[in-house]
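S.K.:
Protein chains: 2
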Amino acid sequence: MKIALLQLNFIVGDFHGNGQKILDGYQQACDQGADLVVTSELALYGYPPLDFLERPEAHDIQAAMLGELQKHIHRVGLILGVSERREGPGKRLFNASVLIQDGEIRQRWHKALLPTYDVFDEARYFESGRDDVFVFDYQDKKIAMLVCEDIWGGAEILDCPQLYQRDPVEELSKLNPDILIVPNGSPYHWKKGNDRLTLVGRVAQQLNAHVVYVNQVGGNTDLVFDGRSFVLDSSGKCVDVAPAFEEAVKVIDTSTSDRMDYLEDSNLENLYQALVLGVRDYMKKTGHQNALLGLSGGIDSALTACIAADAVGSENVTAVMMPSPFSSGHSVTDSEQLVTNLGIHSHKIEIESLYETYGQTLEPIIGWHPPGQNPGDVTEENIQARIRGNLLMAMANRNPGTLLLSTGNKSEVAMGYCTLYGDMAGGFAVLSDVWKTLVFQLAKHLNRNRKMIPDHTIAKPPSAELRPDQKDSDSLPEYDVLDAVLQAYLEDHLSIKKILKKGLADANTIEKIIRTTNLNEFKRRQMAPGLKVTSKAFGSGRRMPIAAKL
Amino acid sequence: MKIALLQLNFIVGDFHGNGQKILDGYQQACDQGADLVVTSELALYGYPPLDFLERPEAHDIQAAMLGELQKHIHRVGLILGVSERREGPGKRLFNASVLIQDGEIRQRWHKALLPTYDVFDEARYFESGRDDVFVFDYQDKKIAMLVCEDIWGGAEILDCPQLYQRDPVEELSKLNPDILIVPNGSPYHWKKGNDRLTLVGRVAQQLNAHVVYVNQVGGNTDLVFDGRSFVLDSSGKCVDVAPAFEEAVKVIDTSTSDRMDYLEDSNLENLYQALVLGVRDYMKKTGHQNALLGLSGGIDSALTACIAADAVGSENVTAVMMPSPFSSGHSVTDSEQLVTNLGIHSHKIEIESLYETYGQTLEPIIGWHPPGQNPGDVTEENIQARIRGNLLMAMANRNPGTLLLSTGNKSEVAMGYCTLYGDMAGGFAVLSDVWKTLVFQLAKHLNRNRKMIPDHTIAKPPSAELRPDQKDSDSLPEYDVLDAVLQAYLEDHLSIKKILKKGLADANTIEKIIRTTNLNEFKRRQMAPGLKVTSKAFGSGRRMPIAAKL
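Chains A and B, in that order, give the protein sequences.
Counting in our numbering, the first sequence runs from 982 upward without gaps.
Counting in our numbering, the second sequence runs from 982 upward without gaps.
#1: Work out the CA separation of K1052 (chain B) and M1508 (chain A) for me, nearest whole Å.
#2: Would you mind sorting P1029 (chain B) into buried or exposed? The rule is 16 or more other CB atoms within 10 Å of its CB.
#3: Going straight from the alpha carbon of R1105 (chain A) to that of S1316 (chain B), what length do you get?
#4: Would you call the stretch 1337 to 1354 of chain A and the stretch 1475 to 1486 of chain A touching, i.e. three or more CB-CB distances under 8 Å?
#5: Hey, how far is the Cα of A1529 (chain A) from the Cα of R1523 (chain B)?
#6: Measuring alpha carbon to alpha carbon, tell me which residue in A:H1426, A:G1310, A:I1280, A:V1079 is nearest E1022 (chain A).
#7: What whole-angstrom Cβ distance do V1462 (chain B) and I1480 (chain B) have, given they're in contact under 8 Å?
#8: Should D1487 (chain B) go down as buried or exposed, given a rule of 16 or more other Cβ atoms within 10 Å for buried?
#9: Helix, strand or coil: how does DSSP classify W1133 (chain B) here?
#10: Below 7 Å between beta carbons: does that hold for I1042 (chain B) and K1266 (chain B)?
#11: Select from B:D1032, B:L1180, B:S1521 the residue whose C-alpha is nearest the C-alpha of K1218 (chain B).
#12: Closer than 6 Å by C-beta to A1185 (chain A): which residues in its own chain qualify, once you throw out the five before and the five after it? Chain order, please.
#13: To test your reading of the DSSP string, which unbroken beta strand (DSSP E) runs of 3 or more residues are found completely within the stretch 1170 to 1196 of chain B?
#14: Check whether the Cβ of Y1145 (chain B) lies closer than 7 Å to any Cβ atom in chain A.
#15: When the Cα atoms are used, what is the spatial distance from M1341 (chain B) to E1227 (chain B)?
#16: If we count the other Cβ atoms within 10 Å of its Cβ and call it buried at 16 or more, is S1334 (chain B) buried or exposed?
#17: Could you round the C-beta distance between V1301 (chain A) and S1327 (chain A) to whole angstroms and report it? I think they count as a contact, below 8 Å.
#18: Against chain A, does R1367 (chain B) count as a neighbour if the rule is that its beta carbon must be under 7 Å from one of theirs?
#19: Give the C-beta separation of Q1146 (chain B) and G1071 (chain A) to the nearest angstrom, bearing in mind that I take them to be a contact with Cβ-Cβ under 8 Å.
#20: Comparing C-alpha positions only, which one of A:V1195, A:C1399, A:Q1365 sits nearest to P961 (chain A)?
#21: Any C-beta of chain A within less than 9 Å: which residues of the stretch 1029 to 1063 of chain B qualify?
#22: Since F1503 (chain A) is in the alpha helix (DSSP H), which residue starts that stretch and which ends it?
#23: For Y1339 (chain B), I'd like the list of residues in its chain whose CB is within less than 6 Å of its CB, leaving aside the five on either flank, ordered along the chain.
#24: What does DSSP give as the partner residue(s) for M1433 (chain B) in the beta ladder?
#25: So which residues on chain A does P1149 (chain B) lean against when the C-beta distance must stay under 9 Å?
#26: With a threshold of 16 other CB atoms inside 10 Å of the CB of H1055 (chain A), please say whether the residue is buried or exposed.
#27: Taking Cβ positions only, does V1293 (chain B) come closer than 7 Å to chain A?
#28: With a threshold of 16 other CB atoms inside 10 Å of the CB of T1321 (chain A), please say whether the residue is buried or exposed.
#29: Residues of chain A with CB closer than 8 Å to the CB of R1379 (chain B), please, in chain order.
#30: With a threshold of 7 Å between beta-carbons, can Q1507 (chain A) be considered close to chain B, or not?
#31: Report back the beta-carbon spacing between I1124 (chain A) and I1160 (chain A) to the nearest angstrom; my notes put them in contact at under 8 Å.
#32: With a cut-off of 7 Å, does the C-beta of M1525 (chain A) fall near any C-beta of chain B?
#33: For D1041 (chain B), does the three-state DSSP call read helix, strand or coil?
#34: If you draw a straight line from the alpha carbon of N1428 (chain B) to that of E1250 (chain B), how long is it in whole angstroms?
#35: Per DSSP, E1228 (chain B) is paired with what?
#36: What residues in the stretch 1228 to 1260 of chain A have a beta carbon less than 8 Å from any beta carbon of chain B?
Written out as structure tokens, the structure reads:
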């Protein structure tokens, strides 16, 4: 059977645009001889709709668009991810897959397993489907349909906790389907693709069936979907796979004997492309054409500039150098080199006179000192960061369609080594889920063919340059130690005891890192949205109290 | 039976401190002759623990503290809200009530109905209890225990949707309990107390039993718990009620024939006290002794100053007047009058020289114009707000233990009529859930006995004073119209069609208000946490996508 995978980039809430995309994809698939066409999860809404699902209009508009769409579906079936309204006690909606054929909904499956962890809140919106699993005949095949998380009921093979009381795949195994079809809304994170393949491979073997896995592609606020939709054969081998990070209408013949390698997922290029697409789509879907950022000469802003240039084109990126009396000479020369390498626009603004005017203004009230004179007092340092934030925001305000990108990395954000309304200013926090050590790896990766980021930017010791001779290592552990401990704490959810046992650092260092991370929740609460690219990002997937003793 | 209600103010995650508080309360209750002592929900954790529940250490520390506590519980039973670990597929925890007596856990109930809407995410952490309801003998009574949401299974009497498949109260009605005991973590919102009483009164009648309702008190980040724990008799009448917004160990004899009025909940004093306690606890629990805020001469900052003075004492509040060339003369004189009335500290800082220096610095890059010259261009206006934000943050940075309070109201926050990093700067957004029209009502209420807020502050037309002759009404509908439409949209979840039918405004105005609200989600994502005091606040209870077409 020739099955078309509609791997599309939806705008959340744009029922009309999304519906038109699906229809175009359907027609293209039919032209290519498809027997059956499949979308991703909640395709008319775009995933995740979040609380937009609770708007009273939303379901009616989806219903109207669905009605329109149905009219164009003929003999070639469309398996579509939609929400369905329900009656009786419980939540008002099901998250569903429906088979449309000859203008009618012929089959429906209501998602049974509702992910309610990390960034997922499906139990907030949906009632779990309680129907028995089923197969239906389509041409000469027995087809089963599930939705996304429904196939993760046996995820303990990935050392994941077994979160659900039910396992629809296990139930389906008694019905001997030939093909299992699964619309998904599965966000990218680094190395996740391998888990997907392991798990879905196991599902294929368990059912002794082909599995058709269709994922959405594109960035939606803080999530980026990688696409990479695929079909596995009944032994779990990959028949074919759609490209990563781009739209595709991919027609795959389940009867072919061709097999291919599913692309390895732990490479840096992959991560880089996720960041690029996340920025591109955030800008496009919020109506921004131009990216703006401050360049410090350091590696975070340099990497962010590269991502921005790849996301929206060098000609649409403006970098601003804003040296202060505490900036090193190379902060400007390194930045200028980067600007030349990338071919982006740039400005240079000296902030000394503003810094002095703040000093004169504040001196009668709180005194004014050389920065760093009083240990622990960051007043004068923060003012520098905030002047820069203000100048950048003024430039963004003046030029409609311009988005200020903030450049802080995940290690800084964890430790609160950043200034609210200063370097944290901006509409999108590009690297907020990328460890500093990974920033270095990405920079070196980018330079592998052609030098983009100046050597000196990579080689020099990291510094905020807000006081004389400042180094990050004055305030933070070395980044290899810091990142290892933070990763164990945040992403691997290890107890302090287990982190200590791993020998990553001494007990004092570990406790100080975790305490500092917890105490800085107040800063992160005001951080711009950033892209989730690891298994646990700050933001909507990590909900910690601020007024607390943790 | 004499039942003690421990209405305590917990710090989330402070197992030791919370445990000690419970123990002190228990002993105090025993001294007063209590037969049975009851806490609020998840009392050792403090409610809501949020993702702290997922930390691997957390449960073990709770278990250790619980073990300590048990040793001190003798013949007089303690019904305690705790989490309990569980095995098998599903989430790892139950949200439970346990009866401890003579050092042992004698009875346990696992919460069956898990609120997963608005600010509540319990399905994220807990598995629903599936046990049958039960009663147990205690002295000469048949007692039943549930947890919080378990009694809301019949909430359709409040015109709420029926969210659950199960109704533990209905099930219990067959077992004829004498007393139902319910630990709760029920946050305040305006007028909610009346709903509680209606619902619990119905529960009492349905069971023909006394109901003991114990609530936590105090502010935890963005939620404030009002306490007001109570006991109802089997006819739904109030036997006695603990005070609002303060800790209490209240011993109530269920055999008494005394009855009293449960306090009406829709009065302004109530709302004001919620705001005061929310600010006081946020500051105390985050280690801040001093409050700082900017005073514009307008009503929002005036009200915020009053709340701060009541929260932490006038002597711990500092107000800063920061007039610009566009400020009216009365902006300073009105503020000075308020400072005198409240007896708070104050400073005055002219921002003209900073404003001019920004102009000189930016002129070569983006030009510089009188504010308001180019309609729609807010660059020069925003710089003024951001200078003020920077000055205030510098003062907070210089003085450890100082928290900057932001002063924007819910109407502004909805419409994005506020400046990121400017007037939105601060650690706590005191009025972010209070409509502008309600700000006026609260101000008049405060002035009822003694003039606190100058008449002119209340009487003058609202203005941001960022350009000559600016009025809020240049940019926004009149506040009575705006607030009515926003309330219908945000709190009452009405469709546009229904809002139009209510005749609150014309179709264009309604659509523009809703569109503007949706488009400004990006600002709110970076807003400081604020206090939820209505049924739907911005923040953790409202999760909207930013990159979307809504």
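We treat Cβ as the ideally placed atom computed from N, Cα and C, and that holds for glycine.
M.R.: The relevant details are as follows:
#1: 45 Å
#2: buried
#3: A straight-line Cα-Cα distance of about 45 Å links R1105 (chain A) and S1316 (chain B).
#4: no
#5: 22 Å
#6: A:V1079
#7: No, V1462 (chain B) and I1480 (chain B) are not in contact; Cβ-Cβ is about 11 Å, not under 8 Å.
#8: exposed
#9: helix
#10: no
#11: B:L1180
#12: Short of 6 Å from the beta carbon of A1185 (chain A), and not among the five residues preceding or following it, lie these beta carbons of its own chain, in chain order: V1192, L1213, S1215, G1217.
#13: Complete beta strand (DSSP E) runs here, min 3: 1191 to 1196.
#14: yes
#15: Checking the displayed sequence, the identity of residue 1341 (chain B) turns out to be Gln instead of Met. Approximately 53 Å, taken between the alpha carbons.
#16: exposed
#17: 7 Å
#18: Chain A contact via Cβ: present.
#19: 6 Å
#20: Limits of chain A in this structure are 982 at one end and 1531 at the other, which puts residue 961 (chain A) out of reach.
#21: P1029, P1030, L1031, D1032, F1033, E1035, R1036, P1037, E1038, A1039, D1041
#22: Judged by DSSP secondary structure, F1503 (chain A) falls within the alpha helix (DSSP H) whose first and last residues are 1502 to 1505.
#23: I1364
#24: None, per the DSSP bridge assignment.
#25: Those within 9 Å of P1149 (chain B) in chain A number zero; the least Cβ separation is about 13 Å.
#26: Looking at its Cβ environment, which holds fewer than 16 other Cβ atoms inside 10 Å, H1055 (chain A) is exposed.
#27: no
#28: Here T1321 (chain A) is exposed: its Cβ has fewer than 16 other Cβ atoms, across all protein chains shown, within 10 Å.
#29: I1347, G1348, D1358, T1360
#30: With 7 Å as the cut-off, Q1507 (chain A) counts as an interface residue toward chain B.
#31: 5 Å
#32: yes
#33: Residue state for D1041 (chain B) is assigned as helix, using DSSP reduced to three classes.
#34: 12 Å
#35: Paired residues: none, contrary to the question.
#36: none
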